[in-house]
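Chemist: Numbering of the sequence shown is given in our numbering, commencing with residue 37 and proceeding in unit increments.
All C-beta atoms, glycine included, are put in the ideal place defined by N, C-alpha and C.
Have a look at this one before I ask anything.
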Amino acid sequence: MTILLQREISDRRIAQEALRHSEQKYRALVDASQDVIWSINLRGCYTFFNPAVQKIYGYTPTETLGCKLTQFVAPEYRNPEIKLLQRQIYLLVNAIALRDSEGRIRGATGTPIDITERRQQEEALRAMVEGSAAAAGMEYFRASVRSIANVLQVKYALLVECSNATQHRVRSLAFWTGNSWSEPICL
Numbered sequence: 037m038t039i040l041l042q043r044e045i046s047d048r049r050i051a052q053e054a055l056r057h058s059e060q061k062y063r064a065l066v067d068a069s070q071d072v073i074w075s076i077n078l079r080g081c082y083t084f085f086n087p088a089v090q091k092i093y094g095y096t097p098t099e100t101l102g103c104k105l106t107q108f109v110a111p112e113y114r115n116p117e118i119k120l121l122q123r124q125i126y127l128l129v130n131a132i133a134l135r136d137s138e139g140r141i142r143g144a145t146g147t148p149i150d151i152t153e154r155r156q157q158e159e160a161l162r163a164m165v166e167g168s169a170a171a172a173g174m175e176y177f178r179a180s181v182r183s184i185a186n187v188l189q190v191k192y193a194l195l196v197e198c199s200n201a202t203q204h205r206v207r208s209l210a211f212w213t214g215n216s217w218s219e220p221i222c223l
């Protein structure tokens, strides 16, 4: 019986050491990650942030713990009374549910990607296109379509817009046929 008990104690120590080693490896990986990693509870409050949150978003992990997820949501997607901690950012989030041993959801964990710069570039491009199109009219559309045809190395290129509210009909704004412009068409 003593040998059996010693073996059980030894096996338990080995298992505990393996678990400790695994947890250290996981912690080192999470702490070294250049991407933000977070966890929230069922109330939507942050329970964990890795150190990357400070480098990327300017918040210390301590500042964010206990904050509600909604404090970091873009204004058009949240209640206007909620204030952001420091600045407005736009995120694309990948997350999974955290479950207990019985399968009940206890929170979530995930990683965000900061798409603020991409969104600002898209808005700038949209404003530039809208401004240029209004100023230059049809010549702008033709120049854009011909450039696209050259870049893609295709013979035909067509720019259309929806011509009715149901978006079932379109009309061409510019139609390059490889060596000349086609007359506007409606489909």
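#1: Output the distance between the C-alpha atoms of Asp-71 and Ala-133, rounded to the nearest integer angstrom.
#2: Would Thr-152 and Ile-125 qualify as a contact pair, given that the criterion is a beta-carbon distance under 8 Å?
#3: Count the CB pairs spanning the stretch 144–151 and the stretch 61–79 that are closer than 8 Å, and state whether there are at least three.
#4: When the Cα of Gln-90 is compared with those of Thr-83, Tyr-82 and Thr-100, which residue comes out closest?
#5: Report the partner residues of Asp-150 according to the DSSP bridge assignment.
#6: Please name the residue in Leu-55, Ile-39, Cys-81 and Phe-211 whose C-alpha comes closest to that of Tyr-176.
#7: Nearest by alpha-carbon distance to Leu-209: which of Glu-44, Ala-179 and Val-190 is it?
#8: What do you get for Ala-193, buried or exposed, if any count of 16 or more other CB atoms within 10 angstroms of its CB means buried?
#9: Buried or exposed for Val-187, going by 16 or more other Cβ atoms inside 10 Å?
#10: Looking at the secondary structure, which residues open and close the beta strand (DSSP E) in which Ser-230 lies?
Modeler: Taking the definition as stated:
#1: 19 Å
#2: yes
#3: yes
#4: Thr-100
#5: Leu-127
#6: Phe-211
#7: Ala-179
#8: buried
#9: exposed
#10: Outside the shown range of the chain (37 to 223) lies residue 230, about which nothing can therefore be said.
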